[in-house]
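Heads up: the structure comes next, in structure tokens.
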Ligand SMILES: Cc1cc2nc3c(=O)[nH]c(=O)nc-3n(C[C@H](O)[C@H](O)[C@H](O)COP(=O)(O)OP(=O)(O)OC[C@H]3O[C@@H](n4cnc5c(N)ncnc54)[C@H](O)[C@@H]3O)c2cc1C
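Numbering (the numbering used here), first residue to last: 7 to 419.
Structural data, given as structure tokens:
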């Protein structure tokens, strides 16, 4: 039986962190903070955590951290370990390169490369959160305001029925995603940068998907001003398809409906196999791709940010969820020794900024240039395709080894 259950007063004695936002980053942060000896209150504005979204990639840098908090095992039957990545030329389905994963990933990075439905990762994290005696989850409360004093930070939340709730803590973590309120409260007003691209996602039942899309592989199709990514999720029972097109539509939210005819016309010049996959989808959800320029700080004396609230990024390296998990692990290891002591906490947060901002800024930049490469046309596209065909198959793994081999935990912090 955990120590806290034997001694009910032990929980109250722990330093207390309040996390606003229980997406992938907030749930992970709650588990890492609890492991670091903190009592956690985790709050989300949604009255129930929705089974929303579609596929996410969990690269080895995140998988090793999830293993450390016992979440990887829970994904065993439901996440898919792809055999590799195939890059197709959209016009004629020529395979430009094929990176094989298999034992190489584990041997090289010490952790697997997985793809999963966002809801399955959220469920696995949520199960651990709900079972943890030091974590309290409160749903249906939206962060509105903060009040900082030297010894405490208080946050005001508003419920759907208009009632106000104030929660005090030693530390506040803003994990409230792309359109973060916490970010504004933290004094970081840098504007959203709309990319002029939208992402469209759908899930196709395995038996309705074309045969080539059913294998446990990640497929990336490159065309002029658009690309397509697909892989199986949910233990292979569904195929996650994401199409990214140039489009200046701007609205907040992850799940606006998208009309299939728009995609069908945008992909009209593509090879029949890609078109058959797009045609197999019944409906699409879309969201506008947005990032922000990297900041020089995320933290104040008793407040910090993580995940999309801190460093929204383009999805072209599929690092959104993995970087939120890295933030959570890094922060957890840094606050482990700090407790509520103001000076120690401030030092831990400033170290968190120094460690995390350069890394996430580098990934934001790399994702932007990857997007330009994916959507190239004309001569640029021909040069890209030639280079891809000449490179050895494991070139993408080598090129992004600096992302995958990183361990965000800070030993002995
Ligand atoms: C509904 C939904 C669907 C998504 N679908 C996809 C997808 O299909 N593909 C993809 O690549 N990425 C998707 N994402 C984004 C992806 O999860 C993130 O980019 C990544 O995991 C980083 O996670 P995060 O925890 O920083 O942010 P998120 O996962 O976005 O979590 C933010 C959380 O904060 C909560 N929140 C927001 N404002 C407040 C507030 N004021 N007070 C309290 N709580 C607040 C939100 O309800 C949400 O639960 C989706 C996100 C959401 C919320």
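A virtual CB, placed ideally from N, CA and C, is assigned to each residue, including glycine. Bear in mind the structure is a predicted one, so any value in this text is a computation, not a measurement.
Query	Result
Environment of residue 20 [buried if 16+ CB atoms lie within 10 Å]	buried
C-alpha gap between residue 344 and residue 354, whole angstroms	7 Å
Helix, strand or coil at residue 67 [DSSP, three-state]	helix
For residue 360, the nearest candidate out of 416, 400 and 331 (CA to CA)	416
Which listed residue (43, 241 and 28) has its alpha carbon closest to that of residue 135	28
Local Cβ density within 10 Å of residue 8, reported as buried at 16 or more and exposed below that	Because the pLDDT at residue 8 is just 48, under 50, the model does not fix this residue reliably, and the point stays unresolved.
Unbroken alpha helix (DSSP H) run spanning residue 103, endpoints	Run containing residue 103: none in the alpha helix (DSSP H); it sits in the beta strand (DSSP E), 101 to 106.
Cβ-Cβ separation, residue 239 to residue 61 (assumed contact under 8 Å), whole Å	5 Å
Local Cβ density within 10 Å of residue 203, reported as buried at 16 or more and exposed below that	buried
Segment limits, alpha helix (DSSP H) that includes residue 163	Unbroken run through residue 163 is the beta strand (DSSP E), 158 to 165; no alpha helix (DSSP H).
CA-to-CA distance, residue 369 to residue 329, given in whole angstroms	9 Å
Residue of 119, 45, 172 and 390 minimising C-alpha distance to residue 15	45
Check: residue 187 C-beta below 6 Å from any heavy atom of ligand 1	yes
Residue 84, buried or exposed, once every other Cβ within 10 Å from all chains shown has been counted against 16	buried
Near ligand 1: residue 50 beta-carbon under 6 Å from a heavy atom	yes
Simplified DSSP state of residue 370, which is helix, strand or coil	helix
Own chain partners of residue 397 with C-beta closer than 8 Å, once the 5 adjacent residues on each side are dropped	103
Check whether residue 152 and residue 165 have beta carbons under 7 Å apart	no
Identified DSSP bridge partners for residue 296	200
Through-space distance from residue 41 to residue 307, alpha-carbon basis	22 Å
Start-to-end residues for the beta strand (DSSP E) that takes in residue 174	170 to 175
Validate contact between the region 250 to 260 and the region 210 to 218 using beta carbons, cut 8 Å, 3 pairs	no
Helix, strand or coil at residue 150 according to DSSP, with G and I counted as helix	strand
Residue 290 versus residue 220 - alpha carbon distance	19 Å
The alpha helix (DSSP H) enclosing residue 332, as first and last residue numbers	326 to 341
Close beta carbons around residue 56, own chain, < 6 Å, minus the five adjacent residues each side	none
Beta-carbon proximity of residue 216 to residue 146, cut-off 7 Å	no
Contact between the region 297 to 316 and the region 267 to 284 (3+ Cβ pairs under 8 Å)	no
For residue 136, the three-state DSSP class (helix, strand or coil)	helix
Residue range of the unbroken alpha helix (DSSP H) whose run includes residue 392	384 to 396
Neighbour-count burial assignment, residue 76, 16 or more Cβ in a 10 Å radius	exposed
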